[in-house]
Amino acid sequence: MSLAVAPILVPLLFGALSLALWRYRIAQRVLGLVGTLTLLAVSIRLLQVVHAEGMVVLHMGGWAAPLGITLAVDMLGAIMVVLTGITGLAIALFSMGDTPERHEHFGYYPLMHLLLAGVAGSFVTGDIFNLYVWFEVMLIASFALLTLGGERAQMEGAIKYVTLNLFSSAIFLSAVGILYGLLGTLNMADIAQKIDQVENTALINVVAVMFMVAFGIKASAFPLFFWLPASYHTPLVGVSALFAGLLTKVGVYALFRMFTIVFDHDVAYTHEILIWVAGLTMLSGVLGAAAQYEFRRILSFHIVSQIGYMILGLALYTPLAIIGGVFYIMHHIIVKTTLFLVSGVTYRIAGTHELKDLGGFFRSRPMLSVLFLIPAFSLAGMPPLSGFFAKFIVIRAGVEAEAWGVTAVALLVGLLTLYSMTKIWAEVFWKAAPETESGEPAGQGSTVGLGWMYTAIGGLAACTLFIGLNGEPIYALAETAAEQLLNPDRYIQTVLEARP
Amino acid sequence: METLMAYIVGAMFAAAVYMMLRRSIVKLVIGLMLLSNAANLLIFTVAGMRQGAPPLVPEGAEVPASAVADPLPQALILTAIVIAFGVLAFSVVLIHRAYEVVGTDDLDRMKDTDT
Chain A
1 MSLAVAPILV PLLFGALSLA LWRYRIAQRV LGLVGTLTLL AVSIRLLQVV
51 HAEGMVVLHM GGWAAPLGIT LAVDMLGAIM VVLTGITGLA IALFSMGDTP
101 ERHEHFGYYP LMHLLLAGVA GSFVTGDIFN LYVWFEVMLI ASFALLTLGG
151 ERAQMEGAIK YVTLNLFSSA IFLSAVGILY GLLGTLNMAD IAQKIDQVEN
201 TALINVVAVM FMVAFGIKAS AFPLFFWLPA SYHTPLVGVS ALFAGLLTKV
251 GVYALFRMFT IVFDHDVAYT HEILIWVAGL TMLSGVLGAA AQYEFRRILS
301 FHIVSQIGYM ILGLALYTPL AIIGGVFYIM HHIIVKTTLF LVSGVTYRIA
351 GTHELKDLGG FFRSRPMLSV LFLIPAFSLA GMPPLSGFFA KFIVIRAGVE
401 AEAWGVTAVA LLVGLLTLYS MTKIWAEVFW KAAPETESGE PAGQGSTVGL
451 GWMYTAIGGL AACTLFIGLN GEPIYALAET AAEQLLNPDR YIQTVLEARP
Chain B
501 METLMAYIVG AMFAAAVYMM LRRSIVKLVI GLMLLSNAAN LLIFTVAGMR
551 QGAPPLVPEG AEVPASAVAD PLPQALILTA IVIAFGVLAF SVVLIHRAYE
601 VVGTDDLDRM KDTDT
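Sequences listed follow chains A and B, in order. All residue numbers for the first sequence refer to the numbering used here, where the first residue is 1 and numbers rise by one. All residue numbers for the second sequence refer to the numbering used here, where the first residue is 501 and numbers rise by one.
So this is what it looks like as structure tokens:
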């Protein structure tokens with residue numbers, strides 16, 4: 001068995017096992033931990049192999065490219081799979097302490113595995129239609145996870161989430177169809193090769209923009225992001241954290257993949273659009289966050305604004321900018337998941353997400369405060385944390401490309417992010433706990449399982465510290481990924497010439 | 501034939517978007533159904549239509565005798581139909597639950613999570 005298919009098979013297998021053990025909660029929890037740990041292990045191994053060999057290519061069923069479905073893992077794909085493993089493990093740890101029994105009875109763990117399989121599948125596939133299928137696997141699992149619990153807000157959020165994501169899938173599918181009609185192939189490497197021979201650039205641009213819209217909705221880019229802040233704050237905290245960490249980044253990954261390897265024919269046109277999208281996404285996300293006073297809604301809007309930085313890395317389209325984009329994705333997945341998990345702990349203790357009803361956590365939980373400060377400052381881009389380097393690389397690339405306007409926006413948004421984070425800090429941690437009618441501090445929730453939750457948060461916070469303090473090897477990984485993305489010829493050659 | 505199909509696909513997309521912009525959640529789901537079918541029909545049309553040439557290899561030969569219809573778009577559509585069926589089944593259950601929980605089928609009254 002090739003290593004390329006392992007990140008898909010492992011979660012599918014553990015998902016099937018959890019389904020078989022539907023009635024046994026303890027077994028499902030253990031499978032959740034073991035499954036995500038195995039996923040992390042195989043993904044790290046995959047990264048090692050990709051690092052050593054450049055790429056791992058697998059032709060499913062022995063059909064050589066471009067006839068069969070090809071799995072092609074390059075450095076970017078391998079990095080993303082490792083991040084999937086890290087996030088999955090953190091969520092499994094957190095769920096040990098936080099998932100109510102009712103949700104576990106309705107298939108929380110099998111759905112989580114299925115979601116991870118869909119995400120990992122999107123990262124390893126080298127076939128455009130297969131990418132659509134993995135998107136749908138991921139979507140259907142996320143639909144079910146989002147509505148698990150069936151509260152009013154979840155239903156309202158889910159209608160928006162489901163509608164816009166299905167709309168994006170339909171555009172994606174149509175674009176795949178048109179591309180097939182033009183080129184007669186679905187293999188990404190083959191598409192990339194044949195697309196240069198098409199003389200009708202205008203038609204290719206239309207298809208490119210269709211892909212941009214489809215992935216833009218998934219990635220929550222301006223002006224297509226409104227489904228995200230309407231739904232991400234409604235489900236269980238573990239589910240929000242998983243979505244926040246991974247789902248939008250699948251859209252960003254798909255943009256990186258398509259707009260480097262495949263659509264590099266008319267950069268002046270496509271990437272010019274992306275620069276505008278990036279700037280407006282950053283700005284509208286952070287301004288949206290400034291107006292919010294609910295913990296998870298603030299964080300949701302910040303996902304949007306951070307997506308802008310990643311797209312900016314892609315849009316500038318210089319080697320340094322792509323490195324910055326990839327570095328940003330790595331940093332963001334870890335930090336954003338941590339912040340959502342912190343909101344889960346404060347919710348558990350105080351029973352609310354509203355900033356005005358929270359307070360006093362610095363006094364009562366100094367440890368948690370530190371665990372919040374690390375990712376929060378990292379998100380805002382304080383040295384020496386991971387976010388500083390991520391922002392620094394992207395902004396430096398902006399300066400070098402002399403894209404002054406969008407670079408200024410990026411700097412301003414960094415400042416506003418700091419404002420949002422200090423707002424949360426002041427309201428949740430610094431100010432005194434609000435008085436309740438009985439005079440007692442509000443809602444002292446159960447502390448059962450807090451240890452698991454702290455373990456998950458602590459592990460992720462350690463990751464962001466590690467990336468910050470030990471940036472060079474991580475930068476080297478991002479550099480390799482960027483180099484591969486900017487040299488599509490090597491990708492094409494490796495995929496098409498690999499032996500089945 | 502292609503021209504006619506192009507108009508049909510365009511009309512279906514237009515009808516789908518129109519239905520999705522209505523306020524009723526039932527019409528929203530009807531819009532989603534039309535949308536997925538329009539996308540399938542689009543694949544079918546753009547991949548090239550050919551009548552009376554099934555993709556069969558005669559016995560004893562290695563390749564088909566003459567140009568045949570491309571079977572791949574139909575495989576893609578089949579996959580897409582199955583996926584759309586599953587997702588739409590979910591959406592129908594979702595709007596039913598949403599109607600029960602929220603107590604209205606009017607999208608304009610489902611604004612609690614927007615502000």
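Don't be surprised by glycine CBs; every beta carbon is placed ideally from N, CA and C.
query	result
Can you find a C-beta in chain A that's less than 7 Å from the C-beta of residue 581 of chain B?	no
Which of helix, strand or coil does DSSP assign to residue 489 of chain A?	helix
Distance cutoff 7 Å, beta carbons only. Does residue 568 of chain B sit that close to anything in chain A?	no
Which same chain residues end up closer than 6 Å to residue 108 of chain A when comparing Cβ atoms and leaving out the 5 residues on each side of it in sequence?	99
Ends of the beta strand (DSSP E) at residue 73 of chain A?	70 to 73
Can you check which of these residues, A:162, A:367, A:44, A:308, is closest to residue 429 of chain A by C-alpha distance?	A:367
Would you verify that the beta carbon of residue 524 of chain B is, or is not, closer than 7 Å to some beta carbon of chain A?	no
Going residue by residue through the region 40 to 107 of chain A, where are the continuous beta strand (DSSP E) segments of at least 3 residues, counting only ones entirely within it?	56 to 59, 70 to 73
Are the CB atoms of residue 152 of chain A and residue 601 of chain B within a distance shorter than 7 Å?	yes
State the CB to CB distance for the pair residue 3 of chain A and residue 37 of chain A, rounded to an integer number of angstroms; the pair is presumed to be in contact (CB under 8 Å).	At roughly 17 Å, the Cβ-Cβ gap does not stay under 8 Å, so residue 3 of chain A and residue 37 of chain A are not in contact.
Take residue 234 of chain A as the anchor and find which of A:186, A:354, A:55, A:89 has the nearest alpha-carbon.	A:354
Establish whether the CB of residue 571 of chain B and some CB of chain A are separated by less than 7 Å.	no
According to the Cβ coordinates, are residue 52 of chain A and residue 491 of chain A closer than 7 Å?	no
Given that residue 592 of chain B touches chain A, what residues does it touch there, using C-beta distances under 7 Å?	The premise fails here: residue 592 of chain B is roughly 11 Å from chain A at the closest Cβ pair, so nothing lies under 7 Å.
Please classify residue 605 of chain B: does DSSP put it in a helix, a strand, or coil?	coil
Cα-Cα, which of B:587, B:584, B:560, B:548 is closest to residue 568 of chain B?	B:548
Just to confirm before moving on: does the CB-CB distance between residue 113 of chain A and residue 35 of chain A stay below 7 Å?	yes
Note down, in chain order, every chain A residue with its Cβ under 7 Å from the Cβ of residue 503 of chain B.	Within 7 Å Cβ-Cβ: nothing; residue 503 of chain B doesn't reach chain A, min ~15 Å.
Have a look at the DSSP bridge pairing and note the partners of residue 524 of chain B.	B:606
Are residue 344 of chain A and residue 237 of chain A close, meaning C-beta to C-beta below 7 Å?	yes
Taking only beta-carbon atoms, is residue 439 of chain A less than 7 Å away from chain B?	Note that residue 439 of chain A scores a pLDDT of 48, beneath 50, so its modelled location is shaky; the value from the coordinates is reported in the next line. Taking Cβ atoms only, chain B never reaches closer than 7 Å to residue 439 of chain A, which makes this a no.
How about residue 159 of chain A: is its C-beta nearer than 7 Å to some C-beta of chain B?	yes
Give a yes or no on whether 7 Å exceeds the smallest Cβ distance from residue 514 of chain B to chain A.	no
Output the boundary residues of the alpha helix (DSSP H) element that contains residue 321 of chain A.	319 to 350
Based on DSSP bridge pairs, tell me the residues matched to residue 127 of chain A.	A:187
Taking only the alpha-carbon atoms, compute the straight-line gap between residue 499 of chain A and residue 64 of chain A and give it to the nearest angstrom.	7 Å
Can you find a CB in chain A that lies within less than 7 Å of the CB of residue 598 of chain B?	yes
Quickly, what does DSSP pair residue 294 of chain A with across the bridge? List them, please.	A:354
Sorted by chain position, which residues of the same chain lie with C-beta nearer than 8 Å to residue 564 of chain B's C-beta, five sequence neighbours on each side aside?	555, 556, 557, 558
Within the 7 Å Cβ cut-off, does residue 166 of chain A reach chain B?	yes
Of all Cβ atoms in chain A, is any one closer than 7 Å to the Cβ of residue 535 of chain B?	yes
Helix, strand or coil: how does DSSP classify residue 572 of chain B here?	helix
Quick one, are the C-beta atoms of residue 90 of chain A and residue 456 of chain A less than 7 Å apart?	yes
Check residue 382 of chain A in the structure and name its three-state DSSP category.	coil
By Cβ distance, which residues of its chain are closer than 6 Å to residue 19 of chain A, with the 5 residues on each side in sequence left out?	110
Rounded to whole angstroms, how far is the Cβ of residue 125 of chain A from the Cβ of residue 333 of chain A, which I believe are closer than 8 Å?	Not confirmed; about 19 Å, so no contact.
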